[in-house]
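Undergrad: Shown below is the structure under consideration.
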Amino acid sequence: MRAFCYILLFGLFGQFTLVGKPMVVAHRGASGEAPENTIPAFNLAWQQGADAIEGDFHLTKDGQVVCIHDANTIKAAGKNLVVKNTTLAELKKLDVGIKKGPVFQGTSIPTIGEVFETIPAKKKIYIEIKCGLEIIPQLLKEVSKSQLEKEQVVFICFDAKVIAEVKMKAPDFKAYWLA
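Each position in the sequence shown, counted from 1, maps to that position plus 518 in my numbering.
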């Protein structure tokens with residue numbers, strides 16, 4: 519009986535504990551050491567050996583996809599601008615690095631294209647969609663313009679309608695509903 523239990527446990531959990539190494543996903547980049555959702559954070563994550571990065575994305579007033587967690591800039595930059603009501607040019611003027619230290623002073627909110635440029639071959643990005651359906655056409659356009667392979671891009675969102683729309687418009691990509 520004891521041998522059966524061991525075999526059963528190994529069969530269920532062995533793949534997670536004894537085979538392979540865990541995948542390291544850098545949440546908002548190396549956000550403990552660099553300003554979250556910025557190019558320095560993503561580059562540091564790659565330097566530290568991450569297998570993937572996760573970034574949060576919103577759509578600007580002028581239809582650009584930018585990497586920022588919140589719908590406004592108060593936490594990131596100390597100035598309260600609503601991303602969807604602000605142009606990319608206005609957002610680029612904000613300093614989102616100084617709070618992490620003088621070495622990051624002058625760091626700006628990146629576009630998704632700038633984030634894509636950091637991704638090495640065979641590494642992944644988890645694109646967390648933080649707004650609604652309105653981002654999908656521009657987001658998919660940016661993904662198609664990038665040099666990334668389909669296997670390198672994963673869409674995630676807490677809104678099931680957004681994920682359903684992504685799956686309908688881009689069925690070859692992985693897309694997961696976060697609950």
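Quick reminder that beta carbons are idealized off the backbone N, C-alpha and C, glycines included.
#1: Report buried or exposed for Ile586, applying the criterion of at least 16 other Cβ atoms within 10 angstroms of its Cβ.
#2: Helix, strand or coil, according to DSSP, for Ala598 in the structure here?
#3: Consult DSSP for Leu646 and reduce its assignment to one of helix, strand or coil.
#4: Note down, in chain order, each residue of its chain lying with its Cβ closer than 7 Å to the Cβ of Thr636, except the 5 sequence neighbours on either side.
#5: Give me, in chain order, the residues of the same chain whose beta-carbon lies closer than 7 Å to that of Gln656; leave out the 5 immediate sequence neighbours on both sides.
#6: So, at 6 Å on beta carbons, what are the nonlocal neighbours of Ile674 in its own chain, with the 5 sequence-adjacent residues on each side left out?
#7: Hey, how far is the Cα of Lys579 from the Cα of Val600?
#8: Return the first residue and the last residue of the beta strand (DSSP E) that Val698 is part of.
#9: Have a look at the DSSP bridge pairing and note the partners of Thr629.
#10: In whole angstroms, what separates the C-alpha of Lys593 from that of Lys687?
#11: Quickly, what does DSSP pair Phe673 with across the bridge? List them, please.
#12: Please identify the residue among Leu658, Val614, Ala570 whose C-alpha is closest to the C-alpha of Pro553.
#13: Going by C-alpha distance, which of Gly596, Phe622, Ile627 is nearest Leu606?
#14: Can you tell me whether DSSP reads Ile571 as helix, strand or coil?
#15: So, are the CB atoms of Gly573 and Asn555 less than 8 Å apart?
#16: Measuring CA to CA, which of Leu651, Ala595, Ile681 is closest to Leu609?
#17: Could you give the distance in angstroms between the alpha-carbon of Asp569 and the alpha-carbon of Glu667?
#18: Taking only three categories from DSSP, how would you classify Asn555?
#19: Can you tell me which of the three DSSP states Leu577 falls into?
TA: Working from what's here:
#1: buried
#2: Contrary to the premise, residue 598 reads as Asn rather than Ala in this sequence. Residue state, collapsed to three classes: coil.
#3: Before going on, a small fix: residue 646 reads as Glu here, not Leu. The answer is strand: DSSP assigns Glu646 an E or B state.
#4: Ile557, Phe560, Asn561, Trp564
#5: Leu577, Gly581, Val583
#6: Tyr644, Glu646, Tyr694, Leu696
#7: 9 Å
#8: Here the chain comprises residues numbered 519 to 697, so residue 698 is not present and cannot be evaluated.
#9: Val584
#10: 33 Å
#11: Ile645, Ala693
#12: Val614
#13: Ile627
#14: strand
#15: yes
#16: Ala595
#17: 15 Å
#18: coil
#19: strand
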